[in-house]
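Enquirer: Chains as they are written, first to last, in the working numbering: chain E, 816 to 929; chain Z, 131 to 243.
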Amino acid sequence: AQSVTQLDSHVSVSEGTPVLLRCNYSSSYSPSLFWYVQHPNKGLQLLLKYTSAATLVKGINGFEAEFKKSETSFHLTKPSAHMSDAAEYFCVVSPPTGGFKTIFGAGTRLFVKA
Amino acid sequence: DTAVSQTPKYLVTQMGNDKSIKCEQNLGHDTMYWYKQDSKKFLKIMFSYNNKELIINETVPNRFSPKSPDKAHLNLHINSLELGDSAVYFCASSQGGVNTEAFFGQGTRLTVV
Numbered sequence: 816a817q818s819v820t821q822l823d824s825h826v827s828v829s830e831g832t833p834v835l836l837r838c839n840y841s842s843s844y845s846p847s848l849f850w851y852v853q854h855p856n857k858g859l860q861l862l863l864k865y866t867s868a869a870t871l872v873k874g875i876n877g878f879e880a881e882f883k884k885s886e887t888s889f890h891l892t893k894p895s896a897h898m899s900d901a902a903e904y905f906c907v908v909s910p911p912t913g914g915f916k917t918i919f920g921a922g923t924r925l926f927v928k929a
Numbered sequence: 131d132t133a134v135s136q137t138p139k140y141l142v143t144q145m146g147n148d149k150s151i152k153c154e155q156n157l158g159h160d161t162m163y164w165y166k167q168d169s170k171k172f173l174k175i176m177f178s179y180n181n182k183e184l185i186i187n188e189t190v191p192n193r194f195s196p197k198s199p200d201k202a203h204l205n206l207h208i209n210s211l212e213l214g215d216s217a218v219y220f221c222a223s224s225q226g227g228v229n230t231e232a233f234f235g236q237g238t239r240l241t242v243v
């Protein structure tokens with residue numbers, strides 16, 4: 816069985832300050848982990864994915880995430896927030912077989928203040 | 131070119147009606163999905179269709195029926211629409227196997243009145 820928990824439903828940062836969106840997972844096998852972003856009235860777009868290679872994963876738009884097995888975490892970070900980063904972010908866990916058993920977290924809404 | 135496209139983008143209909151949402155992907159993927167996103171943004175997978183094998187989430191009412199005429203299309207038909215069916219429905223596709231991410235359509239906002 817597997818699950819994913821996004822620890823914050825809302826995060827608010829000022830433009831130019833760091834972003835941290837937290838995600839914890841549980842899985843009985845080595846999962847693949849993803850972060851997706853959803854801008855208002857848009858579909859989901861893949862930011863980055865972890866697939867058991869390097870534990871620090873770099874994605875698009877300056878985002879990165881670090882896989883920490885000991886903490887069962889996959890937190891998403893960005894050094895400096897931009898107004899265009901305001902969106903909903905989903906952490907996703909998927910078993911090695913992928914597909915149907917993929918589970919989405921509840922989402923974290925990121926607000927960026929000018 | 132749009133990788134995963136859904137039509138219509140918006141759908142407003144009355145209770146009791148039957149409606150369909152269409153989805154097409156031009157990525158050559160072998161697996162397609164339908165997800166439902168409720169008002170709290172929670173995403174729940176409804177169906178997965180891989181090479182003519184349909185996997186159904188058993189919590190989905192049987193008023194919902196996916197139809198796949200070919201590998202590039204997965205349509206969603208909904209009978210006897212209810213108020214609780216109002217949500218955003220996302221189609222997605224992926225190439226089956228290990229460590230594959232899903233590509234999503236723009237979503238269809240269904241409102242049942």
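Beta carbons are placed, not taken as given, at the ideal position from N, Cα and C, and that holds for glycine.
Any chance you could list the alpha helix (DSSP H) runs of at least 4 consecutive residues sitting entirely within the segment 173–229 of chain Z, in chain order?
Expert: Taking only runs of at least 4 residues, no alpha helix (DSSP H) segment lies wholly in the segment 173–229 of chain Z.
Enquirer: Enumerate in chain order the residues of its own chain whose CB-to-CB distance from E/L835 is below 8 angstroms, with the five nearest sequence positions on each side excluded.
Expert: Same-chain partners within the cutoff: V826, H890, L891, T892.
Enquirer: Can you tell me which residues form a DSSP beta bridge with E/R924?
Expert: According to DSSP, E/R924 bridges with E/H825, E/E903.
Enquirer: Give the interface partners of E/E903 over in chain Z, defined as CB-CB distance under 8 angstroms, in chain order.
Expert: Within 8 angstroms Cβ-Cβ: K171.
Enquirer: Taking just the CA atoms, how far does Z/V134 sit from E/S899?
Expert: Spanning the two alpha carbons is a distance of roughly 23 angstroms.
Enquirer: Looking at Z/L211 and Z/T137, is the spacing between their C-beta atoms short of 8 angstroms?
Expert: No. Outside cutoff.
Enquirer: Does the beta carbon of Z/E212 come closer than 8 angstroms to any beta carbon on chain E?
Expert: Not an interface residue.
Enquirer: Tell me which residues share the same chain as Z/T230 and place their Cβ nearer than 7 angstroms to its Cβ, disregarding the 5 neighbours each side in the sequence.
Expert: For Z/T230, where only same-chain residues beyond five positions count, the Cβ hits under 7 angstroms are S224.
Enquirer: Could you name the residues that DSSP lists as bridge partners for Z/R239?
Expert: Partner(s): Z/Y140, Z/V218.
Enquirer: Among residues of its own chain, excluding the 5 on either side of E/A901, which ones have a beta-carbon nearer than 7 angstroms to its beta-carbon?
Expert: Same-chain partners within the cutoff: L925, F926, V927.
Enquirer: Classify Z/E154 as buried or exposed, calling it buried when 16 or more other Cβ atoms lie within 10 Å of its own Cβ.
Expert: By the neighbour-count rule (16 or more Cβ atoms within 10 Å), Z/E154 is buried.
Enquirer: Measuring CA to CA, which of Z/G237, Z/T241, Z/A222, Z/T238 is closest to Z/N156?
Expert: The residue with the shortest Cα to Cα distance from Z/N156 is Z/A222.
Enquirer: Can the beta-carbon of E/G922 be found closer than 8 angstroms to that of E/Q817?
Expert: Not in contact: E/G922 and E/Q817 (Cβ atoms no closer than 8 angstroms).
Enquirer: Would you kindly check if the distance between the Cβ of Z/G237 and the Cβ of Z/V218 is under 8 angstroms?
Expert: It is a contact, given that the beta carbons lie within the stated cut-off.
Enquirer: Would you say Z/F194 lies against chain E (beta-carbon separation less than 8 angstroms)?
Expert: False, the Cβ-Cβ gap to chain E never drops below 8 angstroms.
Enquirer: Are the beta-carbon atoms belonging to E/S909 and E/P855 less than 8 angstroms from one another?
Expert: Against a cut-off of 8 angstroms, the Cβ pair of E/P855 and E/S909 comes out as no contact.
Enquirer: Compare the C-alpha of Z/N192 against each of Z/D148, Z/P199, Z/V243 and name the closest.
Expert: Here the closest residue by C-alpha is Z/D148.
Enquirer: I'd like to know whether the C-beta atoms of E/E879 and E/L863 end up nearer to each other than 8 angstroms.
Expert: Yes, they are a contact pair.
Enquirer: So is Z/N205 buried or exposed if we call it buried at 16+ other beta carbons inside 10 Å?
Expert: Classification of Z/N205: buried, given that the 10 Å Cβ count is 16 or more.
Enquirer: Are the CB atoms of E/F882 and E/Y904 within a distance shorter than 8 angstroms?
Expert: Against a cut-off of 8 angstroms, the Cβ pair of E/F882 and E/Y904 comes out as no contact.
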